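The structure under discussion appears below in the form of structure tokens.
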Amino acid sequence: MEKFSTWRDPSTGLAPFVYPLPPLSTNQFPRIAWAPFIPLAVFRTLCLLVVAVLFMTVDSLAIILSIFSVKFHSAFQYYYTTVFSRIALHLLGLTQIPSDPPFTHRTSSQKKITSDSVRPGDLIVCNWSSYVDIIYLAYLYNPIFVLPVLKDSRRGSGEDKLAAKVAGFETKNMIPMVLQTGHPPHYIHPRTSQLKSLTECLREARRLGRPVVFFPEGTTSNNRALLKCPKVDERSVGQFHGNVRIFCLAIKHDPATLLKSSMTVPIPSWPLNLMHVGRSQMVPVMAPLCLSPRSISLKYPKNSGAVFEVDSSSSTTTAAAVTMNLVSSLDLSFDTLSQVSKLKITNHISCVHKASFLEYARSRKS
Numbered sequence: 000m001e002k003f004s005t006w007r008d009p010s011t012g013l014a015p016f017v018y019p020l021p022p023l024s025t026n027q028f029p030r031i032a033w034a035p036f037i038p039l040a041v042f043r044t045l046c047l048l049v050v051a052v053l054f055m056t057v058d059s060l061a062i063i064l065s066i067f068s069v070k071f072h073s074a075f076q077y078y079y080t081t082v083f084s085r086i087a088l089h090l091l092g093l094t095q096i097p098s099d100p101p102f103t104h105r106t107s108s109q110k111k112i113t114s115d116s117v118r119p120g121d122l123i124v125c126n127w128s129s130y131v132d133i134i135y136l137a138y139l140y141n142p143i144f145v146l147p148v149l150k151d152s153r154r155g156s157g158e159d160k161l162a163a164k165v166a167g168f169e170t171k172n173m174i175p176m177v178l179q180t181g182h183p184p185h186y187i188h189p190r191t192s193q194l195k196s197l198t199e200c201l202r203e204a205r206r207l208g209r210p211v212v213f214f215p216e217g218t219t220s221n222n223r224a225l226l227k228c229p230k231v232d233e234r235s236v237g238q239f240h241g242n243v244r245i246f247c248l249a250i251k252h253d254p255a256t257l258l259k260s261s262m263t264v265p266i267p268s269w270p271l272n273l274m275h276v277g278r279s280q281m282v283p284v285m286a287p288l289c290l291s292p293r294s295i296s297l298k299y300p301k302n303s304g305a306v307f308e309v310d311s312s313s314s315t316t317t318a319a320a321v322t323m324n325l326v327s328s329l330d331l332s333f334d335t336l337s338q339v340s341k342l343k344i345t346n347h348i349s350c351v352h353k354a355s356f357l358e359y360a361r362s363r364k365s
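Residue numbers for the sequence shown follow numbering that gives the first Met the number 0, beginning at 0 and rising by one.
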């Protein structure tokens, strides 16, 4: 891994863009041993493509409902997104998912107590390592996904060139986010027309009856660290009015083993990440009783103060103070995300370095 030492964070010693490999073992399988699983991988990948096409077809036709009723369209969209997402997760090997929804804890008597439920207009701050994260969050909430768009500081020098600053945000649905997985963030340019402030994203989500999922890292990592976040300021957030609740949710994946490759996607594959999907499907998870299926774990704060609330209803609070409170709450929520996931935050490596890393990785393959 010394060839990737440039993208190893000096403070933590972690390389967040390197594809995770299984631990070294003397029992290595020859490549020809995987040949019987190639038809299974092709079949499952084709099934996923069929599910994706059906979902996009239904999603396109459902837009007609929004003309008559936004609420009915939102409810219908939630149900068919849940169904298609669950089928996709099963095809990906996640035959079992966490039984308790996020932000739920159990008492000593094993009675389920829901501390808080995510409502339309709420903001979920989450890490991002795979397209599985996107599909699972769509299964839970049918949210609007929000990614930061960076100011183009690549022409600068020194620290200014490496400093990631957020110019605004872009919103995406499930399929575009799956295709964006692994790629570096977008930069603002003269043709950027869909740039929004975070306040506008929250307002749109409340109107559509959907929560917002925000990936502050801006790109995917290998699930072994959290990337240093681009700087969010008052200008990119926008003048905030109203109230919003901020939740922290960390998704952790199984480590790679000899029988199962990692589901994380720090490096995108061509075309449309299908190569990664195909490789991850070369596992006999069709028979979960014979081999353990894939699984993910959810980490979130369990205490009563786990939800950050920003409210501008007080008459003595100025709009600027509320906006600054929202910015500080975002920073605090990312620190909380690091604590609950037990993942270190890199002090040097951020999404700005992703493009140069991918360029170097491609040059080594050519």
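Note that CB positions come from ideal geometry on N, CA and C, so glycine has one too. Being a predicted model, the structure only gives us computed values, none of them experimental.
message: Taking 7 Å as the limit between beta carbons, can you name the residues of its chain near Y130, skipping five residues before and five after?
response: Start at 1 with the first residue of the sequence shown, and residue 130 comes out as number 131. Within the same chain, Y130 has close Cβ partners V177, T180, V264 and N272.
query: For E308, which of helix, strand or coil comes out of DSSP?
result: Position 309 of the sequence shown holds residue 308. Strand.
query: Taking buried to mean at least 16 other C-beta atoms within 10 Å of its own C-beta, is N126 buried or exposed?
result: Taking the sequence shown and counting its residues from 1, one reaches residue 126 at position 127. It counts as buried.
query: Taking the continuous alpha helix (DSSP H) assigned at H379, which residues delimit it?
result: Residue 379 lies beyond the range of the chain shown here (0 to 365); nothing can be said about it.
- prompt: Q238: buried (16+ other C-beta within 10 angstroms of its C-beta) or exposed?
  reply: Walking along the sequence shown from the start, residue 238 turns up at place 239. Looking at its Cβ environment, which holds fewer than 16 other Cβ atoms inside 10 Å, Q238 is exposed.
query: Closer than 8 Å, CB to CB, is S332 near chain C or not?
result: Going by chain labels, chain C is absent from the structure shown, which holds only one protein chain.
message: Just to confirm my understanding: we take L20, look at its own chain, exclude 5 residues before and 5 after, and list those with CB closer than 7 Å. What are they?
response: Mapped onto the sequence shown, residue 20 falls at position 21. Same-chain partners within the cutoff: A255.
- prompt: If you drop the 5 nearest sequence neighbours on each side, which residues of the same chain put their C-beta closer than 6 Å to that of A249?
  reply: Counting from one through the sequence shown, the residue named residue 249 turns up at place 250. Taken in chain order, the residues that qualify are N126, K298, L336, V339 and S340.
message: Helix, strand or coil for A61? Go by DSSP, reduced to three states.
response: Here residue 61 is taken as the residue at index 62 of the sequence shown, counted from 1. Note: A61 maps to helix in three-state DSSP.
query: Is it the case that the Cβ atoms of R223 and M262 are separated by a distance below 8 Å?
result: The sequence position of residue 223 within the sequence shown is 224, counting from 1. The sequence position of residue 262 within the sequence shown is 263, counting from 1. It is not a contact, given that the beta carbons lie outside the stated cut-off.
message: If contact is defined by three or more beta carbon pairs under 8 Å, each pair taking one atom from either stretch, is the region 210-230 in contact with the region 349-362?
response: yes
message: What does the Cβ neighbour count give for M274, buried or exposed, with the cut at 16 atoms within 10 Å?
response: Within the sequence shown, numbered from 1, the residue matching residue 274 stands at position 275. Answer is exposed; the Cβ neighbour count stays below 16.
- prompt: By the 10 Å Cβ neighbour count, where 16 or more other Cβ atoms means buried, how is R43 classified, buried or exposed?
  reply: Taking the sequence shown and counting its residues from 1, one reaches residue 43 at position 44. Label assigned to R43: buried.
Contact check, F168 vs K150, beta carbons under 8 Å: For this step, residue 168 is matched to residue 169 along the sequence shown. For this step, residue 150 is matched to residue 151 along the sequence shown. No, Cβ-Cβ distance for F168 and K150 is not below 8 Å.
- prompt: In this structure, does DSSP put R206 in helix, strand or coil?
  reply: Residue 206 sits at position 207 when you count from the first residue of the sequence shown. Three-state result, R206: helix.
query: Using DSSP with H/G/I as helix, E/B as strand and the rest coil, what is K164?
result: Indexing the sequence shown from 1 puts residue 164 at position 165. K164 falls in the strand class under three-state DSSP.
field: Residue environment, G12, which counts as buried when at least 16 other CB atoms sit within 10 Å
entry: Translated into positions along the sequence shown, residue 12 becomes position 13. Exposed is the call here.
field: Limits of the beta strand (DSSP E) - the one that P147 falls within
entry: Residue 147 sits at position 148 when you count from the first residue of the sequence shown. I143 to L149 is the extent of the beta strand (DSSP E) around P147.
message: Please classify D212 as buried or exposed, where buried requires at least 16 other C-beta atoms within 10 Å of its C-beta.
response: One-based indexing of the sequence shown puts residue 212 at position 213. It should be pointed out that residue 212 corresponds to Val in this sequence rather than to Asp. Looking at its Cβ environment, which holds 16 or more other Cβ atoms inside 10 Å, V212 is buried.
query: To the nearest angstrom, how far is it from the Cα of V236 to the Cα of M55?
result: Along the sequence shown, read from residue 1 onward, the residue named residue 236 stands at position 237. Along the sequence shown, read from residue 1 onward, the residue named residue 55 stands at position 56. Between V236 and M55, the C-alpha separation is close to 31 Å.
- prompt: Would T345 pass as a contact of K230 if the rule is Cβ separation under 8 Å?
  reply: By 1-based counting over the sequence shown, the position of residue 345 is 346. By 1-based counting over the sequence shown, the position of residue 230 is 231. No, these two residues do not count as a Cβ contact at 8 Å.
- prompt: What does F246 pair with, by DSSP beta-bridge criteria?
  reply: The residue labelled residue 246 in the question sits at position 247 within the sequence shown. According to DSSP, F246 bridges with I123.
- prompt: Beta-carbon separation of V124 and P147 under 8 Å?
  reply: As a position in the sequence shown, residue 124 is number 125, starting the count at 1. As a position in the sequence shown, residue 147 is number 148, starting the count at 1. No, the Cβ-Cβ distance between V124 and P147 is not below 8 Å.
- prompt: What is the DSSP secondary structure of S296, counted as helix, strand or coil?
  reply: Within the sequence shown, residue 296 is the residue found at index 297, counting from 1. The answer is strand: DSSP assigns S296 an E or B state.
query: For the beta strand (DSSP E) that contains T94, what are its first and last residues?
result: For this step, residue 94 is matched to residue 95 along the sequence shown. Counting along the chain, T94 falls outside any beta strand (DSSP E), and DSSP gives it neither H nor E.
message: Check this for me: beta carbons of L122 and L201, under 8 Å apart or not?
response: Taking the first residue of the sequence shown as 1, we reach residue 122 at position 123. Taking the first residue of the sequence shown as 1, we reach residue 201 at position 202. Yes, they are a contact pair.
message: Can you tell me whether S128 is buried or exposed? The criterion is at least 16 other CB atoms within 10 Å of its CB, across all chains shown.
response: Here residue 128 corresponds to residue number 129 of the sequence shown, with the count starting at 1. It counts as buried.
- request: Figure out for me which residue from E233, P100 and L258 has the closest Cα to the Cα of P22.
  value: Working through the sequence shown from its first residue, we reach residue 22 at position 23. P22 has its Cα closest to that of L258, out of E233, P100 and L258.
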